[in-house]
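Every letter in the sequence shown is one number past the one before it in our numbering, and letter 212, counting from 1, is 232.
Since the structure comes first, as structure tokens, the remarks are kept for the end.
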Amino acid sequence: MEEIEEYLKTHDDVEMHPSDIAKLLKELSAEEFQRAIKLIPKDLVGDVALALPDRYFEDVVGNLSIDELLHAVNELETDDQVEFLEELEYIDEEVAAEVFKNLDDENKEEIETLQSYDEDEAGAYMQLEVFTSYEDEVVQDVIKRFAKLRKEHELENVQNLFVVDRRNKLLHAVGLDDLLIFNFSKTIKENIEQSEESFEPKVARDTEDIKEVVHYFEEYDLSVMPILNGDGKLLGRITSDDIYDIINEHATEQMYNLAGVNDEAEEDDDILVAGQKRATWLGINLVTAIIASFVIGMFEQTLQSLVALAVLMPIVASMGGNAGTQTLTVVVRQLALGDISNKDAWRILKKEIFIALMNGLVFAIVMGLIAWYWFDISMLGLVIGLSMVINLLMAGFFGAVVPLGLKMLKIDPAIGSTVILTTVTDVVGFFSFLGLATYILL
């Protein structure tokens, strides 16, 4: 508690960063947290609430009146306003409705515009605050206007001047560093015509998939991207900080999906909700485990005839499972990053099969020799070696085919891939090992 009090005393509102305050708040006990919230400057409380993990949001807004919540929303940029109100609505619909009702008409219209987009569309993530000018404006006047807007805190994190025509169609994007070296006495158009630089912006449409926009930022090393409608009119912008959040959310979602858990449920403090979501996948895993056990049961007499098979059997399934997980993780991640196109599918498949076959042969020889030495049965080494080659080959094949197939079907490759792969490696591993043992050893 002393740390946050000291921080607030030694920094003014301009110097304070919401993330620094959020970091200090997370270290406090529940009682200290409640007291500390009241010390946060009202202009920053909205940003601090969004900087904290979702589970803290209710504790923050629970200490604020309707007027304070309204002030917090008004201090946020449009995209953050939407996120704040959605979080607030999840906690208390009546309070969220009351706050929204008291916003001015312009804010309401902007929020409704952003909420009209689907969650996977670029328009849902854009800020409507943009710095624009016309071609015929004199640079000196543009800079004076920009300075005034910044002093009044009407604009934040501005990197570009967007030059539009009278119908608000985007013509150029000028970086502020370029703007400062323009001839201040000439118009924007005159400076652009005399410059050797290109001011043609990389743009995205408001209905474009946000994942494509993320790829644009990564591919072209962008800090901001203008968002246009179908007629080419400037609607807003997406900045790099929004892209970082999207990348982080998507990466978290993928990791959770691969583990068979739900990212939204895990952020929720409700133990029953999280437990139910996990139980769904555990139930599916139980079914796959029963299938694998059924395969083992088919070779009951073989296992009774040679106890060594029961000792070695888990090794085959484990090696296949790990090899498949390696392939699956690599392919899913590359798909998420956009490193694999439709034409690359065959190349990736061949690569993973070759790696699986290579590793299968190496470890087949190693494990075959170990099994021979361990149980003094030379053919047992051959059985486990052949089985390991077969299982690792299938693991590599299905570890690549499953996510690629799901991607072609427009399904998130991370969802369900692990369950399918585990079933394949267990069933193939047990069946090949016990089947070969029955045919060769008995």
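From the three backbone atoms N, C-alpha and C, an ideal C-beta is built for every residue, glycine too.
Since this is a predicted model, take the numbers as computed values, not measurements.
Contact belief for residue i with residue j at Cβ below 8 Å, rounded distance in angstroms
i: Ala-343; j: Ala-391; result: Rounded, the Cβ-Cβ distance is 18 Å, inconsistent with contact.
i: Ala-116; j: Glu-126; result: The Cβ separation is near 19 Å, so there is no contact.
i: Leu-96; j: Asp-67; result: 7 Å
i: Leu-348; j: Ser-437; result: 6 Å
i: Thr-443; j: Asn-411; result: About 13 Å separates the two Cβ atoms, so there is no contact after all.
i: Lys-189; j: Gly-252; result: 5 Å
i: Gly-143; j: Ile-247; result: 6 Å
heavy atom of the ligand ATP below 7 Å from residue i C-beta
i: Leu-134; result: Within the structure as shown, the ligand ATP is missing, as the structure has no ligands at all.
Residues near residue i in its chain [Cβ-Cβ closer than 6 Å; skip 5 each side]
i: Ser-407; result: Val-336, Ser-452, Phe-453 and Leu-456
i: Ile-111; result: Glu-78
i: Val-315; result: Val-447, Phe-450 and Phe-451
i: Ser-39; result: Ala-71
i: Glu-228; result: Ala-142
i: Leu-199; result: Leu-181
i: Phe-395; result: Ala-328
i: Ile-440; result: Val-422
i: Glu-107; result: Phe-77
i: Val-65; result: Ala-92
Residues near residue i by beta carbon distance below 8 Å, same chain, minus five either side
i: Met-399; result: Ile-460 and Leu-461
i: Leu-355; result: Pro-423, Leu-424, Lys-427 and Pro-433
i: Asn-211; result: Val-159, Phe-202 and Asn-203
i: Gln-179; result: Gly-195, Leu-196, Ser-243, Val-244 and Thr-259
i: Ile-266; result: Tyr-145, Ile-230 and Val-234
i: Ile-373; result: Leu-413, Gly-416, Phe-417 and Ala-420
i: Asp-185; result: Tyr-154, Glu-155 and Leu-191
i: Ile-131; result: Thr-98, Gln-101, Val-102, Leu-105, Phe-120 and Leu-123
i: Val-223; result: Leu-190, Met-245, Pro-246, Ile-247 and Leu-248
i: Thr-308; result: Val-439, Thr-442, Thr-443 and Asp-446
Neighbour-count burial assignment, residue i, 16 or more Cβ in a 10 Å radius
i: Met-387; result: buried
i: Pro-334; result: exposed
i: Thr-300; result: exposed
i: Gln-296; result: exposed
i: Glu-232; result: exposed
i: Leu-105; result: buried
i: Pro-221; result: buried
i: Glu-239; result: exposed
i: Gln-321; result: exposed
i: Asn-268; result: exposed
i: Val-81; result: buried
i: Glu-129; result: exposed
i: Thr-207; result: buried
i: Val-352; result: buried
i: Val-162; result: buried
i: Ile-431; result: exposed
i: Ile-360; result: buried
i: Met-378; result: exposed
i: Met-36; result: buried
i: Val-409; result: buried
i: Ala-384; result: buried
Among the options, the one whose alpha carbon lies nearest that of residue i
i: Leu-413; options: Ala-365, Gln-346, Leu-429 and Asp-359; result: Gln-346
i: Ile-263; options: Phe-237, Asp-229 and Leu-302; result: Phe-237
i: Phe-182; options: Tyr-137, Thr-207 and Arg-257; result: Arg-257
i: Asp-261; options: Glu-132, Asp-63, Val-447 and Gln-147; result: Gln-147
i: Ala-69; options: Ala-312, Leu-255 and Lys-46; result: Lys-46
i: Gln-135; options: Asn-122, Val-102 and Glu-113; result: Val-102
i: Leu-389; options: Leu-402, Met-378 and Lys-363; result: Leu-402
i: Leu-169; options: Thr-152, Asp-185, Lys-430 and Trp-394; result: Thr-152
i: Arg-187; options: Thr-207, Ser-218 and Leu-255; result: Leu-255
i: Phe-219; options: His-192, Asp-198 and Tyr-154; result: His-192
i: Pro-73; options: Ile-41, Gln-324, Glu-52 and Arg-55; result: Ile-41
i: Gly-380; options: Ile-404, Ile-368 and Ile-360; result: Ile-404
i: Tyr-137; options: Arg-225, Glu-52 and Glu-113; result: Arg-225
i: Ile-368; options: Val-350, Ile-385, Leu-429 and Met-378; result: Val-350
i: Thr-272; options: Ile-435, His-37 and Asn-94; result: Ile-435
i: Asn-94; options: Ile-304, His-173 and Ala-167; result: His-173
i: Ser-313; options: Glu-114, Val-382 and Ala-330; result: Ala-330
Own chain residues within Cβ distance below 7 Å of residue i, not counting five before or after
i: Glu-149; result: Glu-97, Thr-98 and Leu-175
i: Glu-118; result: Ile-86
i: His-91; result: Lys-62
i: Ala-475; result: Residue 475 cannot be examined here, being either before or after the span of the chain that is shown, 21 to 462.
i: Ile-311; result: Thr-443 and Val-447
i: Lys-58; result: Asn-83
i: Thr-458; result: Phe-319 and Thr-322
i: Phe-166; result: Phe-151
i: His-270; result: Ala-356
i: Phe-53; result: Leu-45 and Asp-79
Item to complete: Only counting runs of 4 or more residues, tell me where the alpha helix (DSSP H) segments fall wholly within the segment 347 to 418, in order along the chain.
Response: 365 to 395
Fill in: Completely contained beta strand (DSSP E) runs for the segment 26 to 89, where each covers 3 or more residues
none
Fill in: Every unbroken beta strand (DSSP E) within the segment 81 to 169, with a cutoff of 3 residues, ordered by chain
152 to 154
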